[in-house]
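Below is one structure, written out as structure tokens; the observations come after it.
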Amino acid sequence: MKKPLDELCARLDVTFSDQRLLWQALTHRSFLNERVDERLSLFSNERLEFLGDAIVNFLATTLVFERFPDAGEGYLTAWRAALIRTETLASFARRYDLGSHTLLARGEESSGARQRPSLLADTFEAVVAAIFIDQGLDAVRKFLLPLFEETLATLQEQGLPVDYKSKLQARIQAERGITPRYRMIERSGPEHQPEFTFEALAGDESLGTGRGASKQAAEQDAARDALDRLGGRD
1 MKKPLDELCA
11 RLDVTFSDQR
21 LLWQALTHRS
31 FLNERVDERL
41 SLFSNERLEF
51 LGDAIVNFLA
61 TTLVFERFPD
71 AGEGYLTAWR
81 AALIRTETLA
91 SFARRYDLGS
101 HTLLARGEES
111 SGARQRPSLL
121 ADTFEAVVAA
131 IFIDQGLDAV
141 RKFLLPLFEE
151 TLATLQEQGL
161 PVDYKSKLQA
171 RIQAERGITP
181 RYRMIERSGP
191 EHQPEFTFEA
201 LAGDESLGTG
211 RGASKQAAEQ
221 DAARDALDRL
231 GGRD
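Letter 110 of the sequence shown, counting from 1, is numbered 110 in UniProt numbering, and no numbers are missing.
This is how it looks when you write it as structure tokens:
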């Protein structure tokens, strides 16, 4: 336990009726694998993460649908993707210092996992689910929508991140009638700072390769490379 949960609850501006839900949201599966004696009283956050992912997606979808009443499906999809991407959710987790409260195994701790974007994003989703179970959807809206609104405002000033995967998919489906897929070629680097290499394919044909600090980033880079080779990137 890195810090008392009362401090975290104050930062979240949420008072839990059942604080065990928050403990579960902060418990990484590695912690239970290492501490057999804790398994009788704690569960990992994987189930909460599953539920939280759906809630985050639903609220992001609802927000962009209402915010852009004249936008088409592709435009709405791009905005939603920007709100729910790993990097965005990880930034929310950092705002509340969720990493320092997460229960991790010693091996994960030493590898730097506490600040890994994917772990932070998963933990944030689990916390969202804990709030939902404890207090309902209105409480989640009160917690999450201001974060989404702030992100939307920033993106409207800076411009949307280009979704190369959507661009490549639209082109390949139009030209070949199939959906491109992505295959991991390599994972390198230390555990706390991995680098992924992915390949974009149409059928068995390699269209491009890309690298990134996350699987999603590597897939985007592979799609960007594919569009460059096809001569279709704006």
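By construction, the Cβ of each residue, glycine as well, lies at the ideal position given by its N, Cα and C atoms.
Just checking my contact of residue i with residue j at CB under 8 Å: how many whole Å lie between their CB atoms?
i, j, result
"residue 97", "residue 11", "7 Å"
"residue 84", "residue 129", "So it is not a contact: roughly 14 Å between Cβ atoms."
"residue 78", "residue 163", "5 Å"
"residue 94", "residue 119", "Their Cβ separation, rounded to whole angstroms, is 11 Å, which puts residue 94 and residue 119 out of contact at 8 Å."
"residue 137", "residue 28", "Not really, about 26 Å apart at Cβ, beyond 8 Å."
"residue 170", "residue 194", "30 Å between Cβ atoms; not a contact."
What does a CB cutoff of less than 7 Å around residue i pick up in its chain, not counting 5 residues either side in sequence?
i, result
"residue 65", "76"
"residue 61", "80"
"residue 39", "Reliability fails at residue 39, whose pLDDT of 47 lies under 50, so the model's placement of it is uncertain and the value that follows must be treated cautiously. Closer than 7 Å at Cβ, skipping near neighbours: 32."
"residue 44", "27, 28, 29, 32"
"residue 235", "The structure shown has nothing for residue 235, since the chain only spans 1 to 234."
"residue 131", "14, 139, 140, 143"
Residues in the same chain with beta-carbon distance under 8 Å from residue i, minus the five sequence neighbours each way, listed in chain order, please.
i, result
"residue 229", "207, 208"
"residue 13", "143"
"residue 158", "none"
Could you tell me if residue i is buried or exposed, where buried requires 16 or more neighbouring beta carbons within 10 angstroms of its beta carbon?
i, result
"residue 88", "buried"
"residue 114", "buried"
"residue 199", "buried"
"residue 148", "buried"
"residue 179", "exposed"
"residue 92", "buried"
"residue 102", "buried"
"residue 216", "buried"
"residue 262", "Because the chain spans 1 through 234 in this model, residue 262 falls outside it and cannot be assessed."
"residue 74", "exposed"
"residue 156", "exposed"
"residue 235", "Residue 235 is absent from the structure shown; the chain starts at 1 and stops at 234."
"residue 204", "exposed"
"residue 168", "buried"
Would you say residue i and residue j are within 8 Å of each other, going by their C-beta atoms?
i, j, result
"residue 123", "residue 26", "yes"
"residue 48", "residue 126", "yes"
"residue 231", "residue 220", "no"
"residue 141", "residue 8", "no"
With a CB to CB cut of under 6 Å and the five nearest residues on each side skipped, what residues in its chain are close to residue i?
i, result
"residue 152", "none"
"residue 172", "180, 202"
"residue 1", "Its pLDDT being 42, under 50, residue 1 is placed unreliably in this model, and the coordinates cannot settle the point."
Report yes or no: is there a C-beta of chain C within less than 8 Å of the C-beta of residue i?
i, result
"residue 15", "Protein chain content of the structure displayed is limited to a single chain, and chain C is not contained in it."
As an exercise, report each continuous beta strand (DSSP E) stretch of at least 3 residues that is fully enclosed by the stretch 137 to 223, in chain order.
181 to 188, 195 to 202, 205 to 212
Can you list, in chain order, the stretches of the alpha helix (DSSP H) that have 4 or more residues and sit fully within the UniProt domain "RNase III" (5 to 136)?
5 to 12, 19 to 25, 29 to 34, 46 to 67, 73 to 84, 86 to 95, 98 to 101, 106 to 110, 117 to 135
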